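What follows is a set of notes on a single structure, which appears directly below.
Numbering (this note's numbering), first residue to last: 4 to 546.
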């Protein structure tokens, strides 16, 4: 940075030396002839400067009009710069000086001291004006590169101004501007003209500006944040529109930049504790994934970003954000399942958002198993389970139970293992029923079911597995629920809670009338194969 400043100082010094040298040389030259043509010099300078100024302004306007088709904020940005007005002022001052000197009596000009002073002053000022044209050239060349424009827009970002513009649709002042809108316009225009470099830089700039706005928003008082929350939601409308344009016209690098920026914004919002903004970022990533899927451009890393945001929200304890991410992962899973073709990326990696769903469910149990007695954590677990059931039921209705079971079985097993390791036996019991249900509907062999349950029992989930089998035996034998003593108390289905929320009482995974309700022989085979001892069937920790 110091080197750049030193270079600019050297350039400025050389430019200032030019008019001084011109004034000195011309002033001394005016001494030699007895009758120096001062009036003719003044007239020539006026005509030259006026003509040149007209040409410069015309060319500048035309150049900016052409470049505005690429970067919409450029024209107003140029005229916001005081340097352009200063250049015009220099020429005006020089021309005015020349014209005013026409009024000097001819006798005065004949005097050598006066002539030297006047000629040196006129030529010096004219040279000062001419040298300033180099700044016009540099400014026009700079604005052909998006970086200075984008940097200037980012530097002018202010949450208060952004909110005011979002509400009033205008700003006060001689030249109003909404930097966020202008950044979006630069990105959109660049994508429309297939200028992927400029689009990449615009996406990066919009990412930086968005994070800056969120930082300012986080510093506001709670009352002020509530008042301006609507403006935060509008931020992600810009990102959704950029995603639409990028999927349609952008290169893969632009798509990667968009989803990475949305993920970074989401993580920043989670770190700042801005729940609404984090939810907006999660929804923006889901929108991006849905649009890329519809246009056959979905990649595994895109839905992986949604999974990363879910993991970040779980780690930070932002359970409301995690709840939305769970919903969006399930929605994306359904969209993928509805596709009849296989979705592969370049490395032949299968597009399977289901796996990320189960991985985060298991992670949630490992990290928050000690808090499952609280309403919020238990509610999130119920949300995981309900989203799984909705995806599973749609797969059954569409005749895709077999294909879905191949993904669901290892996922449910990992969730059950996580619960067993944390000694949350009621979750083990529910996951065991889900595994049995999938096994029945996909007509898998008993040996496969046993292999899936063995690691769960080995992890300490014997009581939960035994409880699920006992409950299903009651169901298969058409006995009243609870005919046999429960080995594990299920706070969701047994109603042993004071919580009045809709998640407080949830039915068991297998209900009467389903194929899995009639599997007595299979249950006996599984029980014998697992060799569940009475000690393993003792009630475990319920929470």
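Yeah, the Cβ is synthetic: ideal placement off N, Cα and C, and Gly gets one too.
All figures in this text were calculated on a predicted structure; none of them were measured in a lab.
Report all residues from its chain with a CB closer than 6 Å to the CB of residue i; omit the five preceding and five following residues, and keep chain order.
i: residue 434; result: 415, 418, 419
i: residue 407; result: 398
i: residue 493; result: 429
i: residue 181; result: 168
i: residue 273; result: 281, 315, 316, 319, 321
i: residue 258; result: 249
i: residue 495; result: 509
i: residue 506; result: Model confidence at residue 506 stands at a pLDDT of 49, short of 50, so the residue's coordinates are unreliable; what they give is reported in the following sentence. The residues are 382, 385.
Measure the beta-carbon distance from residue i to residue j and round it to whole angstroms, keeping in mind my assumption that it falls under 8 Å.
i: residue 149; j: residue 204; result: 5 Å
i: residue 294; j: residue 250; result: 5 Å
i: residue 394; j: residue 444; result: No, residue 394 and residue 444 are not in contact; Cβ-Cβ is about 14 Å, not under 8 Å.
i: residue 471; j: residue 436; result: 5 Å
i: residue 232; j: residue 290; result: So it is not a contact: roughly 20 Å between Cβ atoms.
i: residue 283; j: residue 238; result: 7 Å
i: residue 324; j: residue 278; result: 6 Å
i: residue 188; j: residue 248; result: Wrong, their Cβ atoms sit about 11 Å apart, outside the cutoff.
i: residue 438; j: residue 475; result: With 8 Å as the limit, residue 438 and residue 475 do not qualify as a contact, their Cβ atoms being about 11 Å apart.
i: residue 184; j: residue 153; result: With a Cβ gap of about 14 Å, residue 184 and residue 153 do not count as contacting.
i: residue 421; j: residue 368; result: 4 Å
i: residue 390; j: residue 329; result: 6 Å
i: residue 331; j: residue 264; result: Not quite, the Cβ-Cβ distance comes to about 18 Å (not below 8 Å), so this is no contact.
i: residue 424; j: residue 462; result: 5 Å
i: residue 128; j: residue 44; result: At roughly 13 Å, the Cβ-Cβ gap does not stay under 8 Å, so residue 128 and residue 44 are not in contact.
Could you name the residues of the same chain whose beta carbon sits closer than 7 Å to that of residue i, not counting the 5 residues immediately before and after it, in chain order?
i: residue 403; result: 340
i: residue 326; result: 383, 386
i: residue 252; result: 194, 195, 197
i: residue 93; result: 131, 132, 135
i: residue 98; result: 49, 52, 53
i: residue 400; result: none
i: residue 266; result: 288, 308, 311, 312
i: residue 453; result: 529, 532, 533
i: residue 375; result: 381, 384, 427, 546
i: residue 200; result: none
i: residue 526; result: 472, 475, 476, 479
i: residue 396; result: none
i: residue 5; result: Since pLDDT at residue 5 reaches only 40, below the 50 mark, its modelled position is unreliable, and the value read off the structure follows with that caveat. None.
Residue range of the alpha helix (DSSP H) that residue i falls in?
i: residue 432; result: 428 to 444
i: residue 425; result: Run containing residue 425: none; DSSP gives neither H nor E here.
i: residue 319; result: 303 to 319
i: residue 512; result: No alpha helix (DSSP H) contains residue 512, which DSSP labels as neither H nor E.
i: residue 490; result: Run containing residue 490: none; DSSP gives neither H nor E here.
i: residue 368; result: 356 to 371
i: residue 196; result: Here residue 196 belongs to no alpha helix (DSSP H), and DSSP marks it neither H nor E.
i: residue 324; result: 322 to 341
i: residue 269; result: 255 to 275
i: residue 459; result: 449 to 459
i: residue 474; result: 465 to 479
i: residue 150; result: 149 to 158
i: residue 283; result: 278 to 297
i: residue 400; result: 378 to 400
Using CA coordinates, which residue listed in the options is at the minimum distance from residue i?
i: residue 448; options: 264, 390, 522, 426; result: 522
i: residue 360; options: 284, 221, 405, 388; result: 388
i: residue 59; options: 364, 91, 377; result: 91
i: residue 432; options: 411, 443, 459; result: 459
i: residue 281; options: 254, 322, 303, 302; result: 322
i: residue 490; options: 466, 120, 311; result: 466
i: residue 222; options: 269, 241, 163, 208; result: 163
i: residue 242; options: 201, 518, 285; result: 285
i: residue 220; options: 187, 185, 166, 208; result: 166
i: residue 292; options: 254, 279, 335, 264; result: 335
i: residue 46; options: 513, 56, 100, 333; result: 100
i: residue 161; options: 129, 304, 215; result: 215
i: residue 364; options: 396, 409, 405, 413; result: 413
i: residue 254; options: 464, 202, 225, 305; result: 202
i: residue 270; options: 301, 218, 256; result: 218
i: residue 296; options: 96, 356, 410; result: 356
i: residue 518; options: 442, 373, 116; result: 442
i: residue 213; options: 61, 240, 229, 450; result: 240
i: residue 207; options: 301, 157, 124; result: 157
Once the 5 residues before and after residue i are set aside, which same chain residues still bring their CB inside 8 Å of it?
i: residue 349; result: Reliability of the predicted coordinates at residue 349 is poor, the pLDDT of 39 falling under 50, and the value obtained from them is presented with this limitation in mind. Excluding sequence neighbours, residue 349 sits near nothing in its chain.
i: residue 298; result: 250, 251
**Message:** List, from N- to C-terminal side, the alpha helix (DSSP H) runs of 4 residues or more that fit wholly inside the segment 201 to 248.
**Reply:** The segment 201 to 248 contains no whole alpha helix (DSSP H) run of 4 or more residues.
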